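Working notes, beginning with the structure itself.
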């Protein structure tokens, strides 16, 4: 590894070390979502010109039941959330992994 | 024999599969990779040509030799102890990925899907070429960072063009979650193409469609669900307004089914959700295939037995009956 590469701040999962590998995109530590404002028309990707604000999915209160290995209601009853909220309660919450908050919501894919 | 499920803790489709497998008395070991290394431990030894050992949590253990299949459903990233430096954390991530991931990759089990196969399959240009190679119809598509190429391509499209992202289509700016839905480019867009040059962009001929369909493939089973949009926003991108959609099960035409099966085989997949447009001539046109595409809301709306097929596949531990 060259000095110029190793001297870079280790912030965005080192994606630049293997720029064409989709595996790195999927498996690397993902950057936390940016909180800054859009740049300007000359530098903002055209594909982001018409982004639309959306509400964040709401995940019901839950705890993970180690015995049943499913999410259950966060109360004394501990009923599987699936039985209370149906099959299609919003699935993914933000990741709680080391990658920090992640923008990987199930409904966005297509 | 045990089904290993790697998924986040709050995921209703996973819960459904866990309960179904448990109801069939199929042993399940569910974990999220964010549990590793603090709440999930691994010990594996290679002797006499075989990996042995196991995975453990505070309440459960699975022997590696007992694992028959792995459902890899978007688990969260490893979570390491507070106090690590960035350098230590990056090192720990790499070692965990290659160590834990490597041991699992070495097991002779069925993956649904192996993350490396999914990673290969996420390139949309590769998806289009693979689909065309499998005799599926694919719309003309442009990938470019040149504005003049966009102008030329749009000028050739009989029904106009859409712009769509290659990957996840959301960003958070100033605390607001925003989504870049597929968009039909209008004259104003084409008159001002600033920003095309700053990265790769994808444009595609607009298909004058009657409706759309999601085709979910699980092992050797194929399920089709028609998606009908009832307003203009949802007609361009059905994700833009789920309240404007209706669904019904649909029989996938035999040539399309044959094509998606070949696609799965070509890319080494056991699960994928394919999206098609169905044009006014009833031709099915491939848009893309997501190896982690959602299915639960379609199952809930149409009673299509996708979960049951997943349970069968994971319990069986091999692709075919």
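Chains as they are written, first to last, in the numbering used here: chain A, 26 to 135; chain B, 100 to 420.
Ideal Cβ placement from N, Cα and C applies to all residues, glycine included.
Since the model is a prediction, treat every value here as computed from it, not as a measurement.
Less than 8 Å between CB atoms is the rule here; does residue i satisfy it with respect to chain B?
i	result
residue 68(A)	yes
residue 95(A)	yes
residue 103(A)	no
For residue i, return the contacting residues in chain D, with the cut-off set at a CB-CB distance below 7 Å.
i	result
residue 280(B)	Absence of chain D from the displayed structure is noted, the protein chains being A and B.
May I have the straight-line CA-CA distance separating residue i from residue j, to the nearest angstrom?
i	j	result
residue 114(A)	residue 371(B)	With a pLDDT of 48 at residue 114(A), under the threshold of 50, the modelled position of this residue cannot be trusted, and the question is left open.
residue 154(B)	residue 175(B)	17 Å
residue 125(B)	residue 61(A)	48 Å
residue 104(B)	residue 319(B)	20 Å
residue 178(B)	residue 253(B)	46 Å
residue 263(B)	residue 160(B)	44 Å
residue 326(B)	residue 249(B)	29 Å
residue 272(B)	residue 85(A)	25 Å
residue 240(B)	residue 306(B)	12 Å
residue 68(A)	residue 410(B)	47 Å
residue 186(B)	residue 180(B)	13 Å
residue 182(B)	residue 221(B)	35 Å
What residue range is occupied by the uninterrupted alpha helix (DSSP H) comprising residue i?
i	result
residue 226(B)	223-232
residue 370(B)	No alpha helix (DSSP H) contains residue 370(B), which is instead part of the beta strand (DSSP E) from 370-378.
residue 357(B)	353-366
residue 113(B)	111-122
residue 406(B)	405-415
residue 201(B)	185-204
residue 245(B)	Here residue 245(B) belongs to no alpha helix (DSSP H), and DSSP marks it neither H nor E.
In terms of alpha-carbon separation, which member of the options lies closest to residue i?
i	options	result
residue 268(B)	106(A), 63(A), 64(A) and 76(A)	76(A)
residue 344(B)	350(B), 333(B) and 393(B)	333(B)
residue 287(B)	106(A), 74(A), 101(A) and 100(A)	74(A)
residue 384(B)	233(B), 221(B) and 188(B)	233(B)
residue 347(B)	359(B), 311(B) and 186(B)	311(B)
residue 292(B)	243(B), 404(B) and 134(B)	243(B)
residue 163(B)	149(B), 107(B) and 255(B)	149(B)
residue 379(B)	329(B), 213(B), 255(B) and 309(B)	309(B)
Strictly under 8 Å for the Cβ-Cβ distance: is residue i near chain A by that measure?
i	result
residue 323(B)	no
residue 356(B)	no
residue 114(B)	yes
residue 276(B)	yes
residue 251(B)	no
residue 101(B)	no
residue 158(B)	yes
residue 401(B)	no
residue 410(B)	no
residue 123(B)	no
Quick check on the DSSP output: the beta strand (DSSP E) that includes residue i runs from which residue to which?
i	result
residue 389(B)	383-389
residue 328(B)	320-328
- Message: Closer than 8 Å is the cut-off here; do at least three beta carbon pairs connect the stretch 104-111 of chain B with the stretch 137-144 of chain B?
- Response: no
- Quick one: any contact between the stretch 77-87 of chain A and the stretch 276-290 of chain B, if contact means 3 or more CB pairs under 8 Å? yes
- Message: With three or more beta-carbon pairs closer than 8 Å as the criterion, would you say the stretch 361-377 of chain B touches the stretch 389-397 of chain B?
- Response: yes
- Query: For the stretch 293-310 of chain B against the stretch 394-404 of chain B, are there 3 or more C-beta pairs whose distance is under 8 Å?
  - Reply: no
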